[in-house]
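Numbering (our numbering), first residue to last: 781 to 952.
Read the structure below first, then the notes.
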Amino acid sequence: GSSAMPHKRNPIGSENMTGLARVIRGHMVTAYENVSLWHERDISHSSAERIISPDTTILIDYMLNRFGNIVKNLTVFPENMIRNMGSTFGLIFSQRVMLKLIEKGMTREQAYDLVQPKTAYSWDNQVDFKPLLEADEEVTSRLTQEEIDELFNPSYYTKRVDEIFNRIGLGD
Numbered sequence: 781g782s783s784a785m786p787h788k789r790n791p792i793g794s795e796n797m798t799g800l801a802r803v804i805r806g807h808m809v810t811a812y813e814n815v816s817l818w819h820e821r822d823i824s825h826s827s828a829e830r831i832i833s834p835d836t837t838i839l840i841d842y843m844l845n846r847f848g849n850i851v852k853n854l855t856v857f858p859e860n861m862i863r864n865m866g867s868t869f870g871l872i873f874s875q876r877v878m879l880k881l882i883e884k885g886m887t888r889e890q891a892y893d894l895v896q897p898k899t900a901y902s903w904d905n906q907v908d909f910k911p912l913l914e915a916d917e918e919v920t921s922r923l924t925q926e927e928i929d930e931l932f933n934p935s936y937y938t939k940r941v942d943e944i945f946n947r948i949g950l951g952d
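Below is the structure:
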């Protein structure tokens, strides 16, 4: 645990949210058990609903506010993120490569069988995945260099971040 590892940063707020989500999921058990009473209701349901309804809505409100503060005050280390992505030898882009090959006419099985051995080789030998694709005639006969470069562009995964933050009220 973190008490034995002083170098760790404790995500207390996030851990709190995870625990509170368990409480809400627990309330769902009670709500589901009340479903069988909907046709011919008796009063056995109301005692449970008087507890779970306000507790759940108040708890969700608290969690949403807490989550907003977590995101607003989040410390991000882009350099570390880039370094971590690099430690995958480009394998994080393998799905995009496979899907592009399918888009270009290969069956899913063919695309998988073409890409998978290269991913294994890349990982086992700690070499970059992209040059393995670029050296393969079966890949380059279907994908241009420009397409391969675009498949390995990390900004593809973050292109909607600002839009998403704006949608939930956390934009600039």
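Note that CB positions come from ideal geometry on N, CA and C, so glycine has one too.
Around the beta-carbon of T899, 16 or more other beta-carbon atoms lie within 10 Å, marking it buried. One alpha carbon belongs to D942, the other to M785, and they sit about 35 Å apart. Leaving aside the five residues that flank F909 on each side, the residues in its chain whose CB is nearer than 6 Å to its CB run, in chain order, F869, G870, L871, S902.
Contact annotation, V907 with V895: C-beta distance approximately 15 Å; criterion of less than 8 Å not satisfied.
The shortest CA-to-CA distance from Q875 to any of H807, D822, N933, N853 is the one to N933. I862 has its alpha-carbon roughly 11 Å from the corresponding atom of V856. L912 sits away from F873, with the two beta carbons spaced by 7 Å or more. CA-to-CA, the gap between T920 and E883 works out to about 14 Å. Taking a C-beta distance under 7 Å as the contact criterion, M843 and L800 qualify as a contact pair.
In the DSSP assignment, V856 falls outside any alpha helix (DSSP H) and carries neither an H nor an E. Check the Cα spacing between T810 and each of P791, R830, E820: the tightest is with R830. In the displayed model, A915 falls within coil according to three-state DSSP, outside both helix and strand. Excluding the 5 residues flanking it on each side, D835 has no same chain C-beta neighbour closer than 6 Å.
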